[in-house]
Amino acid sequence: MLSKKNPNCQLKMPKSSLYSSSFMPKIGLCLLILSLYIGLFHSIHYPLFDVDEGAFSEASREMLVSGDFISPRLDQAPRFDKPILIYWLQSASLALFGINEFAARLPAALATCGWALLVWAFLFRVGHASKGPVAALILTTCMEISVLGKAATADTLLNLFLCAALFSWYLYLRHSSRKYLYLAFLFMSLGFLTKGPVAVVLPAGITFLYTLSSQQSIPLRTWLRAWLNPIGLLIFLLIAMPWYIAEYQRDGFDFVVGFFFKHNLGRFSQAMETHSGPWWYYLPVILIGLLPYSTALFSTLKDYRHYWNNDLFRFLIIWFLFVFLLFSISSTKLPHYIVYGYTPLFILIASTLSRCGRGSSTERLSNHMPALPAWVFIPAFASFIVLAFLPAILDHYLQQAKPQVLQAYGELPGLFTNGYVIVQSIFAGLVLFFSLNRKMRQVYGLIIIAIMQSWSLNHYILPAVSTIQQSPIKQAALLARQNGWDVHVWRIQSPSFSFYRQRPSLHTPPTAGNIVLTRQQHLLDFKNYNLLFIQHGIALIQLKS
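With the working numbering, the residue at position 521 of the sequence shown is 617, and numbering never jumps.
Below, the structure written as structure tokens:
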């Protein structure tokens with residue numbers, strides 16, 4: 097049962113507690129460094145996932161090679177999906193570290209590091225220093241960020257700037273300091289260069305609703321004057337608009353239609369590339385994405401009235417709800433969209449774990465360290481059980497799968513050895529031990545379990561899936577590069593092929609003598625060819641006359 101005291105109250109804890117003054121600079125920092133290494137850098141070299149990682153990385157490579165730092169191109173065709181900043185950063189990384197996965201993913205990984213440190217610093221600034229390391233660790237160890245935190249896309253960079261902008265807006269609205277207002281416009285302009293209008297729409301909607309909920313202390317005219325502040329608008333325009341103007345001069349109205357209408361308004365009004373879903377699409381995404389902290393989220397919801405009465409927590413609740421509702425009514429739905437609303441959940445869960453871990457008054461007055469309820473560990477136990485049985489689950493599914501799925505993923509269960517199953521079983525046993533042992537049933541115990549989960553995902557799952565799904569693309573590209581072949585792609589969308597071949601691919605219909613990359617299931621489209629390479633459903637052929 098959660099304490100009914102105000103969420104802001106500070107209780108004196110035992111020296112050994114996670115919330116003692118010695119935790120933050122010592123154990124918290126060590127665990128954060130460990131979690132960042134495991135989640136972001138331990139397996140950063142596995143092959144790029146298509147379509148998104150391959151597309152961003154190849155467009156950045158082409159930008160570096162061509163010297164055209166205004167208009168992104170993918171296989172030499174205009175790419176209006178996203179603005180320029182991520183391409184600049186990836187191009188710089190590729191120039192420094194070479195054409196490889198590490199360089200392509202490094203900007204995203206560093207953005208996630210900055211995101212975690214920003215959350216910690218913000219909570220320290222607003223008087224919740226004990227929650228800072230916990231919230232940062234929840235961010236770096238939850239399942240979805242463990243998977244997406246280093247993805248070579250624009251999403252973690254946008255999350256960093258959204259987080260910085262909204263934290264700045266909150267500090268301005270509470271303290272009326274102009275420096276925070278100008279910082280808010282600065283970070284929104286960087287977000288606008290990263291992913292476009294969403295970097296303004298989200299802060300505008302969230303701060304407007306927060307102002308409405310705080311009418312006794314923040315008049316609506318304060319919000320309006322802030323958003324119309326001439327210096328703030330000038331900062332935004334000076335940083336964000338030069339590239340948009342240059343890109344418009346380069347590609348004209350095609351850019352306006354492709355970026356603003358198709359990839360912004362179009363994604364909201366209609367499902368793009370079959371990425372649709374019901375209104376409740378993000379509910380299971382959140383429950384799975386926040387593992388192993390999902391049950392703590394339920395406790396947060398149960399205690400929402402206490403949080404709503406606190407200015408900071410009300411701001412965080414509005415932040416999450418606005419993102420959740422906006423993307424729930426959007427026609428295009430993708431799992432990573434809801435991540436824009438995860439930062440408030442990280443902080444709210446950290447607060448909930450703090451309250452749960454305080455225990456009863458009897459425990460606080462005794463020599464016993466307050467413990468978390470055992471049920472908090474249930475999602476972690478379930479997750480490791482599923483991971484332990486994953487090879488058997490995959491094998492059962494593949495026995496009933498379509499031939500093309502079997503061609504592509506038939507060898508996946510075999511990549512998980514007996515050693516993998518033993519490790520996951522040991523982890524499940526450790527979770528059970530932690531949940532039954534008062535000394536281990538602490539917040540830091542749950543975080544250690546989350547780090548184990550992150551290690552399982554990044555050491556076993558992601559490399560295995562990438563080996564089956566993406567290694568054939570990489571091997572085919574290296575073969576084509578070694579032989580200097582020009583390659584046509586046929587009924588396959590794998591831009592990482594161009595990245596590894598270090599040359600744009602051709603998208604025109606192939607003719608006799610052409611080299612073609614396609615899927616094994618599409619070989620029937622051709623009558624006469626030589627097979628040059630085939631693996632896991634990926635084929636490289638040369639057409640005969």
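Glycine included, each C-beta is placed from N, C-alpha and C at the ideal position. Remember, predicted model here, so these are calculated numbers, not experimental data.
{"Query": "Straight-line Cα distance separating Val-435 from Asn-255", "Result": "8 angstroms"}
{"Query": "Simplified DSSP state of Leu-361, which is helix, strand or coil", "Result": "helix"}
{"Query": "Supposed contact pair Ile-611 and Ala-576 - C-beta distance, whole angstroms, cut 8 angstroms", "Result": "7 angstroms"}
{"Query": "Lys-291 versus Ile-569 - alpha carbon distance", "Result": "28 angstroms"}
{"Query": "Cβ-based burial, Arg-401 [other Cβ within 10 Å; buried from 16]", "Result": "exposed"}
{"Query": "CA-to-CA distance, Lys-122 to Glu-322, given in whole angstroms", "Result": "In the sequence under discussion, the amino acid at residue 322 is Ala, which differs from the Glu named in the question. Taking the straight line from one Cα to the other gives about 39 angstroms."}
{"Query": "Of the residues Ala-560, Phe-416, Ala-488 and Val-353, the one placed nearest Asp-177, counting alpha carbons only", "Result": "Val-353"}
{"Query": "Ala-232 beta carbon less than 7 angstroms from that of Leu-128", "Result": "yes"}
{"Query": "Own chain partners of Ser-264 with C-beta closer than 7 angstroms, once the 5 adjacent residues on each side are dropped", "Result": "Tyr-276, Leu-279, Ala-280 and Phe-283"}
{"Query": "Extent of the continuous alpha helix (DSSP H) to which Ile-611 belongs", "Result": "Taken as a continuous stretch (DSSP letters only), Ile-611 belongs to no alpha helix (DSSP H), being part of the beta strand (DSSP E) at 611-615."}
{"Query": "First through last residue of the beta strand (DSSP E) which encompasses Leu-639", "Result": "634-639"}
{"Query": "Endpoints, the alpha helix (DSSP H) within which Asn-579 is located", "Result": "567-579"}
{"Query": "Spatial distance of Pro-605 from Val-585 (CA atoms)", "Result": "9 angstroms"}
{"Query": "Unbroken beta strand (DSSP E) run spanning Ile-63, endpoints", "Result": "Residue 63 cannot be examined here, being either before or after the span of the chain that is shown, 97 to 641."}
{"Query": "Where the beta strand (DSSP E) containing His-271 begins and where it ends", "Result": "No beta strand (DSSP E) holds His-271; the alpha helix (DSSP H) holding it covers 251-271."}
{"Query": "Rounded C-alpha distance that separates Gln-616 from His-141", "Result": "26 angstroms"}
{"Query": "Per DSSP, the bridge partner or partners of Arg-157", "Result": "Paired residue(s): none; Arg-157 is not in a bridge."}
{"Query": "Those residues which DSSP pairs with Pro-174 across a bridge", "Result": "Arg-169"}
{"Query": "Endpoints, the alpha helix (DSSP H) within which His-492 is located", "Result": "486-495"}
{"Query": "Residue from Ser-592, Asn-624 and Ile-443 whose Cα sits closest to the Cα of Thr-607", "Result": "Asn-624"}
{"Query": "Nearest residue (CA-CA) to Ile-547, options Lys-640, Leu-125, Ile-234 and Ala-392", "Result": "Ile-234"}
{"Query": "Range of the contiguous beta strand (DSSP E) that encloses Val-585", "Result": "583-585"}
{"Query": "Paired residues, beta bridge with Leu-602 - DSSP", "Result": "His-584"}
{"Query": "Cβ-based neighbour list, Gly-373, same chain, cut-off 6 angstroms, excluding 5 preceding and 5 following", "Result": "Lys-429"}
{"Query": "Extent of the continuous alpha helix (DSSP H) to which Val-297 belongs", "Result": "294-309"}
{"Query": "Uninterrupted alpha helix (DSSP H) stretches inside the segment 314-398 (no shorter than 4 residues)", "Result": "316-323, 326-347, 362-365, 378-385 and 390-398"}
{"Query": "Cβ shell of Lys-108 (< 6 angstroms), same chain only, five flanking positions each side left out", "Result": "Residue confidence for Lys-108 is low, a pLDDT of 38 falling below 50, so the modelled location carries little weight; the figure read from the coordinates is stated next. Excluding positions up to five away in sequence, the list is empty."}
{"Query": "Contacts around Leu-132, its chain only, beta-carbon distance under 8 angstroms, and the 5 residues preceding and following it disregarded", "Result": "Thr-208, Cys-209, Ala-212 and Thr-236"}
{"Query": "Rounded straight-line distance, which links the Cα of Ala-476 to that of Thr-614", "Result": "40 angstroms"}
{"Query": "Straight-line Cα distance separating Asn-196 from Gly-228", "Result": "34 angstroms"}
{"Query": "Buried/exposed call for Cys-54, threshold 16 Cβ in 10 Å", "Result": "Here the chain comprises residues numbered 97 to 641, so residue 54 is not present and cannot be evaluated."}
{"Query": "Under 7 angstroms between C-beta atoms of Ile-166 and Ala-342", "Result": "yes"}
{"Query": "Contact set for Pro-633: own chain, Cβ-Cβ below 6 angstroms, skip 5 residues either direction", "Result": "What sits at residue 633 in the sequence shown is Gly, not Pro. Once the five neighbours on either side are set aside, the close Cβ partners of Gly-633 are Gln-503, Ala-504, Arg-615 and Gln-616."}
{"Query": "Start-to-end residues for the alpha helix (DSSP H) that takes in Ala-546", "Result": "539-552"}
{"Query": "Extent of the continuous alpha helix (DSSP H) run through Thr-236", "Result": "228-237"}
{"Query": "Limits of the unbroken alpha helix (DSSP H) element including Pro-499", "Result": "499-505"}
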